[in-house]
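Taking it in order: structure first as structure tokens, then the write-up.
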Amino acid sequence: MLKAKALELSLAPVDNKRLANLCGALDENLRQIEMAYDIAIARRGEHFTLRGSATKTALAAQALQHFYEMAREDLSIDAIQLGLIELRQLARGDASSPPGLMTRKADLHGRTPRQVQYLRQIQEHDITFGIGPAGTGKTYLAVASAVDAFEREHVSRIVLTRPAVEAGERLGFLPGDLAQKVDPYLRPLYDALYDLMGFDKVAKLFERQAIEIAPLAYMRGRTLNHAFIILDEAQNTTPEQMKMFLTRIGIGAKAVVTGDVTQIDLARGMKSGLIEASRILREVRGIAYTDFLAEDVVRHPLVARIVLAYEAHEKGTKREG
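Going by our numbering, the sequence shown opens with residue 3, and the numbers climb by one from there.
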């Protein structure tokens, strides 16, 4: 419950356009700031009243001033959410210089210390594991790193793969040809590529086979040289599939494995290849691990709270068991 303390804030210089950009349509940006800091915000013109704990209202006031400086142009919900994450890291003293990425999005970089660490590990290691809850940027940053490596000509192609169908990749039961069978499962990878390179460029690279998207079942027997390979949704691999994938890595290749061990869709009794690899390969030289937490979630603020609520429930269930 919010405490009854209030903090008054007046933004200056007064600029109605900047105020409108700060607040967003129907005050949606203010609602995001309220949710992020668990406070209430009331406004009359450039005067704001913030109600909540003293610490949180002070942080929210700093956020309002920060975004007001940025509000000479429109502020999207995404800009607010990402900005709030960066402000949180600055408040903790966690900010560090993230590695730059050569993609269509010039401002793309790690927003949290673990995201920055993840990007550095990808650049510095041949195999990197990114493990953690939904919304932490595991897949998107991996694809961005692949695009960066391709644009800098560090690799000659990008290969994206994932288990196509839960508990066994039963592609034969789906209608259509191979592309139609696997398309729904690989759609998040397509979307990331289009966002980072543009539709036309991605289409041309597909035609040249410089980008390949394939189900994990079709990786067996191959050796991938001078490629950037991403295995997504790796929690749904079996130990045999994981070993098979990791041994596909060839000369000049780099691999990133992403997954969320809380969302395993394998049949009951089947072991997750991601969990087993995490246990077996943690100390292997040349392999890096980034373990993301709820605080690294860069989606809607509620996503982080949902992740924490599920984690608390699972801990309570284990204690009761």
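Cβ coordinates follow ideal geometry from the N, Cα and C atoms, glycine included.
Beta-carbon within less than 6 Å of His239's beta-carbon, same chain only, minus the 5 sequence neighbours each way: which residues are those? For the record, residue 239 in the displayed sequence is Thr; it is not His. Contacts found: Pro165, Gly275.
Report back the beta-carbon spacing between Leu226 and Ala255 to the nearest angstrom; my notes put them in contact at under 8 Å. 5 Å
Using a 10 Å radius around the Cβ and a threshold of 16 neighbouring Cβ atoms, would you call Thr57 buried or exposed? exposed
C-beta atoms of Ile43 and Leu66 nearer than 9 Å: yes
Check whether the Cβ atoms of Tyr291 and Thr130 sit closer than 9 Å, and answer yes or no. yes
By the three-class DSSP mapping on this structure, what secondary structure does Asp128 have? coil
Mapping the DSSP letters down to three states, classify Ile289 as helix, strand or coil. strand
State the Cα-Cα distance for the pair Ala144 and Asn18, rounded to the nearest angstrom. 40 Å
Measure the C-alpha to C-alpha separation of Phe247 and Leu218 and round it to an integer number of angstroms. 8 Å
Across which residues does DSSP place Ser12 in a beta bridge pair? His49
Taking the alpha-carbon of Gly288 as reference, which of Gln265, Ile251, Thr51, Arg270 has the nearest alpha-carbon? Ile251
For Leu310, which residues of its own chain have a beta-carbon under 8 Å away from its beta-carbon, when the five flanking residues on both sides are left out? Ala296
Straight-line CA distance for Thr105 to Glu242? 34 Å
Beta-carbon contacts of Thr260 that lie in its chain and below 8 Å, excluding the five residues immediately before and after: Phe131, Gly132, Ile133, Lys140, Thr141, Ala144, Ile232, Leu233, Asp234, Glu235, Ala236
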